[in-house]
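Beneath this line is the structure, given in structure tokens, with notes to follow.
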Amino acid sequence: RRALRSVLCRRPEANAAPSPLPPLSAERLEQRTAAPFSKGQPVLWERVRLSNFPGEQDGLVLLTAAPSSGQGQRRPVVLLLHSTGKCKEYVAEHLERWAQKGFLAVAYDARYHGERALPGAGLRELSLQALGPALVDEIVATEQQRLKVYHAALVRAWRTGAESPFVFDTAGDGISVIDYLVSRSDVDAKRIGVVGISLGGMSSWLLAAADERVAVAVPAIGVQSFRYALEQEIWAARVDTIRPVFEAAAKDLGKKEVDTATVE
1 RRALRSVLCR
11 RPEANAAPSP
21 LPPLSAERLE
31 QRTAAPFSKG
41 QPVLWERVRL
51 SNFPGEQDGL
61 VLLTAAPSSG
71 QGQRRPVVLL
81 LHSTGKCKEY
91 VAEHLERWAQ
101 KGFLAVAYDA
111 RYHGERALPG
121 AGLRELSLQA
131 LGPALVDEIV
141 ATEQQRLKVY
151 HAALVRAWRT
161 GAESPFVFDT
171 AGDGISVIDY
181 LVSRSDVDAK
191 RIGVVGISLG
201 GMSSWLLAAA
211 DERVAVAVPA
221 IGVQSFRYAL
231 EQEIWAARVD
241 TIRPVFEAAA
251 KDLGKKEVDT
261 ATVE
């Protein structure tokens with residue numbers, strides 16, 4: 001666990017005692033009480049910016065939802081990690097449902113997704129006022145331009161080794177997010193769960209394995225054996241989800257097309 005945590009937090013001394021990360025800086029950007037996705041009980045929404053992250057992308061914005069009543073009491077936490085090409089606002093309806101059940105629900109953008117892809121993320125507005133089905137539709141409509149930024153980051157990582165934006169860095173960000181959450185007076189630190197979808201599912205596995213503060217993890221379509229896929233040569237579906245980086249690798253290796261050796 002210590003070795004995995006060192007990798008995710010980008011610490012070189014995998015077998016040494018973990019050195020402390022720089023203290024996180026948290027700034028509340030917005031707060032609003034609303035139920036934009038349902039006719040149910042309104043929930044308390046917040047956007048919180050965290051800074052002093054390790055790695056190339058310093059900082060990220062959390063989208064949180066909590067019951068509007070009983071503010072200040074300690075609540076269990078659900079951390080929701082989105083799929084490839086999506087972002088924290090895309091899963092806002094799920095956050096709202098969890099909050100209406102009494103949880104503090106939290107989402108953040110994976111590396112080079114959402115607000116971390118480009119200024120404004122190709123979207124007109126990401127404020128709490130904009131939350132709702134129309135914003136979700138806009139996220140889907142503008143997904144391709146953000147995916148280009150993500151794919152470019154993957155190619156750069158292959159060529160330089162400076163980042164691990166596919167899964168590792170996003171899971172490492174989750175450790176820092178939990179560092180922030182356990183510092184809050186309204187969080188029950190013994191009841192923190194992680195739910196991940198696809199890319200987020202893979203990150204949730206790693207996050208739960210590396211951080212003992214995660215009490216439960218629920219990865220959805222986020223589990224596969226990369227080794228088995230290589231041995232059985234059934235890797236095409238995985239490659240297609242991030243094909244530009246594999247095509248770049250094949251070219252760099254002097255190959256005409258992506259093959260098993262390229263994938264390995």
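Going by UniProt numbering, the first residue of the sequence shown is number 1, and it counts up by one from there. We put the CB at the ideal spot given by N, CA and C, even for glycine.
Give the DSSP bridge partners of V61, in chain order. Walking along the sequence shown from the start, residue 61 turns up at place 61. The partner list for V61 (beta bridge, DSSP) reads R49.
State the DSSP-derived secondary structure class of G222, mapped to helix, strand or coil. Mapped onto the sequence shown, residue 222 falls at position 222. The answer is coil: DSSP assigns G222 none of H, G, I, E or B.
Take the Cβ of L29 as the centre, count every other Cβ of all protein chains shown within 10 Å, and call the residue buried at 16 or more, exposed below. The residue given as residue 29 occupies position 29 in the sequence shown. By the neighbour-count definition (other C-beta atoms within 10 Å, threshold 16), L29 is an exposed residue.
Give a yes or no on whether the C-beta atoms belonging to V187 and R74 are separated by under 8 angstroms. For the purposes of this step, residue 187 is taken as residue 187 along the sequence shown, with counting starting at 1. For the purposes of this step, residue 74 is taken as residue 74 along the sequence shown, with counting starting at 1. Contact: yes.
Buried or exposed: where does V214 fall if 16 or more other Cβ atoms within 10 Å of its Cβ makes it buried? Sequence index remark: in the sequence shown, residue 214 carries index 214 (1-based). When all chains shown are included, V214 counts as buried.
Considering Cα atoms alone, identify which of L95, A117, E115 and H113 is closest to A107. Along the sequence shown, one-based indexing puts residue 107 at 107. Of L95, A117, E115 and H113, the residue nearest in Cα terms is L95.
With 16 as the cutoff for other CB atoms within 10 Å, does T119 come out buried or exposed? Here the question's residue 119 lines up with position 119 in the sequence shown. Residue identity check: residue 119 is Pro in the sequence provided, not Thr. P119 is exposed by the Cβ-count criterion.
Cα-Cα separation, A92 to L154: As a first step, residue 92 is located in the sequence shown; it is residue number 92 there, counting from the start. As a first step, residue 154 is located in the sequence shown; it is residue number 154 there, counting from the start. So the two alpha carbons sit approximately 26 angstroms from each other.
Minimum length 4: unbroken alpha helix (DSSP H) runs contained in the segment 114-193: Scanning the segment 114-193 for uninterrupted alpha helix (DSSP H) segments of 4 residues or longer gives 133-141, 143-160 and 168-182, listed from N- to C-terminal end.
Can you grab the Cα-Cα spacing for the pair K190 / K88, in whole Å? Counting from 1 along the sequence shown, the entry for residue 190 is found at position 190. Counting from 1 along the sequence shown, the entry for residue 88 is found at position 88. Going by the C-alpha atoms only, they are around 24 angstroms apart.
Restricting to Cα atoms, I'd like to know which of Q31, E264 and P76 is closest to K101. Here the question's residue 101 lines up with position 101 in the sequence shown. Checked all of Q31, E264 and P76; the closest Cα to K101 is P76.
Among all the DSSP beta bridges, which residues are the ones paired with T33? As a first step, residue 33 must be located in the sequence shown, where it is residue number 33. Per DSSP, L44.
According to the neighbour-count rule (16 or more other Cβ atoms, all chains shown, within 10 Å of its Cβ), is S204 buried or exposed? Translated into positions along the sequence shown, residue 204 becomes position 204. Answer is buried; the Cβ neighbour count reaches 16.
In this structure, does DSSP put L230 in helix, strand or coil? Within the sequence shown, numbered from 1, the residue matching residue 230 stands at position 230. Note: L230 maps to helix in three-state DSSP.
Measuring CB to CB, does V43 end up less than 8 angstroms from A99? On the sequence shown, residue 43 is found 43 positions in, with the first residue counted as 1. On the sequence shown, residue 99 is found 99 positions in, with the first residue counted as 1. Taking 8 angstroms as the Cβ cut-off, V43 and A99 qualify as a contacting pair.
Contact check, A208 vs R1, beta carbons under 8 angstroms: Position 208 of the sequence shown holds residue 208. Position 1 of the sequence shown holds residue 1. No, these two residues do not count as a Cβ contact at 8 angstroms.
With burial defined as no fewer than 16 other Cβ atoms inside 10 Å of the residue's Cβ, what is the status of K86: buried or exposed? If you number the sequence shown from 1, residue 86 lands on position 86. Classification of K86: buried, given that the 10 Å Cβ count is 16 or more.
Outcome for V216 when other beta-carbon atoms lying within 10 angstroms are tallied against a minimum of 16: Counting from 1 along the sequence shown, the entry for residue 216 is found at position 216. Answer is exposed; the Cβ neighbour count stays below 16.
Using the rule of at least 16 other Cβ atoms within 10 Å of the residue's Cβ for burial, across every protein chain shown, is I234 buried or exposed? As a position in the sequence shown, residue 234 is number 234, starting the count at 1. The residue in question, I234, is exposed, as its Cβ has fewer than 16 Cβ neighbours within 10 Å.
Going by beta carbon distance, what residues of the same chain come within less than 7 angstroms of A261, once the five residues before and after it are set aside? Taking the sequence shown and counting its residues from 1, one reaches residue 261 at position 261. Setting aside the 5 residues that flank it on each side, A261 has no residue in the same chain whose C-beta is closer than 7 angstroms to its C-beta.
Close beta carbons around F103, own chain, < 7 angstroms, minus the five adjacent residues each side: Numbered from its first residue, the sequence shown carries residue 103 at position 103. The answer, listed in chain order, is R75, P76, V77 and V78.
Boundaries (first-last residue) of the beta strand (DSSP E) holding A107: Indexing the sequence shown from 1 puts residue 107 at position 107. Per DSSP, A107 belongs to the beta strand (DSSP E) from L104 to Y108.
What does the alpha-carbon distance come out to for the pair H113 and D173? Within the sequence shown, numbered from 1, the residue matching residue 113 stands at position 113. Within the sequence shown, numbered from 1, the residue matching residue 173 stands at position 173. Distance between the alpha carbons of H113 and D173: 13 angstroms.
Provide the residue(s) that pair with E27 in DSSP beta bridges, ordered along the chain. Taking the sequence shown and counting its residues from 1, the one referred to as residue 27 is at position 27. Partner residues in the beta bridge of E27, as assigned by DSSP, are R49.
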